[in-house]
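One structure is given below, encoded as structure tokens.
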Amino acid sequence: MILNTKDFGAVGDSVTDDTAAIQATIDAAAAAGGGEVVLAAGTYIVSGGEEPSDGCLMLKSNVTLSGAGMGETVIKLADGSDTKVTGIVRSAYGEETHDFGMKNLTLDGNRDATTGKVDGWFNGYIPGSDGKDSNVTLDSVEIKDCSGYGFDPHEQTVNMVIKNSVSHGNGLDGFVADYLSDSVFENNIAYNNDRHGFNVVTSTHDFTLSNNVAYGNGSTGIVVQRGSENIPSPANITITGGAVYGNGAEGVLIKLSSQVSVSGLDIHDNGSAGVRIYGSSGVDVFDNTLSNNSLGAPVPEIIIQSYDDTSGVSGKYFNGSD
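Letter by letter, the sequence shown follows residues 1 to 322 of my numbering.
Next comes the structure, spelled out in structure tokens:
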């Protein structure tokens, strides 16, 4: 089933608030068992709900939101928005949403004309619970100018694909994988985000980053990490192909993780080491090209660093010379 948001009153004129009309189309598709919700070319203004978890638009199981192309169909947060928006487009909190996604459009967080933390895409169930979102596909989606995260799939999501997409100008990370499994991010670009380009965290496992590019981000290009929480580390992570350059910190950082492979990347002109491995095990780094890294600090191209659970960072580096 294909439903057009214009038939439900959406205008897409950069002025009218189209939140209710687009949501009505999504709800109608879900009630019919699923379908494709089409947004023609235009700029559709949306606004957040009363709670951060309301987001602006709530996708449902078996529903795909489809535009006319990145930069052609734009869903933009309204000027003057002053509330926290955890997902301009998102799935429902505490519901297991499946077989849904978005393609061929842009999400614009309108960062310069809004206040409050705003994330572009958000999905997930409840942190620490057994439920999950599953079978999620985002294809040819641009997310820009959000004060928070660009793409932020969360605990927990199974079988997610993000491909051919772009995230830039966001206040935190371009792409996050927060407790994903059996999932792939491929052929994506993260640039000019204030923090990391790609951030793989919180027990994510059996996950692949393939042929992605991260450049000009404020901190690290690609991070695989676990914080100090007593949770399983990210594991069985494959990073293959693509390029990482011009980032403010490391090109690639592997922190408190296990069974990670990094291969086929062109890593150059980053502010710190090309690759840093910190407190991790079972890490393979091979067939990469590293050059002209450590622009902002006198450190090796590759750092292997131990971690002391009692004292924190040991300060000892292995650079192949001792």
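The beta-carbon is built from N, C-alpha and C at its ideal position, and this holds for glycine as well.
Small disclaimer: the values here were computed from a predicted structure and weren't measured.
Between the Cα of residue i and the Cα atoms of the options, which residue gives the shortest distance?
i: M58; options: A68, A29 and G69; result: A29
i: G216; options: S233, P234, N192 and V224; result: N192
i: K117; options: T208, E95 and S53; result: S53
i: G131; options: L105, G150 and Y93; result: Y93
i: D145; options: T106, S134, G296 and P127; result: T106
i: G71; options: L39, N62 and A78; result: L39
i: Q23; options: G42, D13, G55 and V260; result: G55
Can you tell me the Cα-Cα spacing of residue i and residue j, whole angstroms?
i: D112; j: K84; result: 15 Å
i: F318; j: S258; result: Interpretation of F318 is limited by its pLDDT of 36, a score under 50 that renders its predicted location unreliable; no figure is taken from the coordinates.
i: N276; j: N123; result: In the sequence on display, residue 276 carries Arg and not Asn. Answer to the nearest angstrom: the Cα atoms are 30 Å apart.
i: S306; j: G279; result: 5 Å
i: A10; j: D18; result: 5 Å
i: K316; j: E36; result: In this predicted model, K316 has a pLDDT of only 41, less than 50, meaning its place in the structure is not dependable; the value taken from the coordinates is given anyway. Distance between the alpha carbons of K316 and E36: 55 Å.
i: I239; j: T289; result: 14 Å
i: S233; j: T202; result: 7 Å
i: S314; j: Y125; result: With a pLDDT of 40 at S314, under the threshold of 50, the predicted position of this residue should be treated as unreliable, though the coordinate-derived value follows. Straight-line Cα distance between these residues: approximately 37 Å.
i: D133; j: D27; result: 18 Å
i: E91; j: G197; result: Sequence inspection shows Ser at residue 91; the Glu mentioned does not correspond to that position. Whole-angstrom Cα-Cα distance: 23 Å.
i: I231; j: V15; result: 46 Å
DSSP beta-bridge partners for residue i?
i: D194; result: According to DSSP, D194 bridges with nothing at all.
i: S257; result: Note: S257 sits in no beta bridge, so no partner.
i: S281; result: S258
i: F8; result: Note: F8 sits in no beta bridge, so no partner.
i: Q225; result: K255
Given a cut-off of 8 Å on the beta-carbon distance, is the pair residue i and residue j in contact?
i: S140; j: N164; result: yes
i: L209; j: I189; result: no
Taking all protein chains shown into account, decide if residue i is buried (16 or more other Cβ within 10 angstroms of its Cβ) or exposed.
i: D284; result: exposed
i: F175; result: buried
i: G312; result: The pLDDT assigned to G312 is 41, lower than 50, so where the model puts this residue is not dependable; a value taken from the coordinates is nonetheless given after this. By the neighbour-count rule (16 or more Cβ atoms within 10 Å), G312 is not buried but exposed.
i: P153; result: buried
i: S281; result: exposed
i: M102; result: buried
i: I302; result: buried
i: G274; result: buried
i: S167; result: buried
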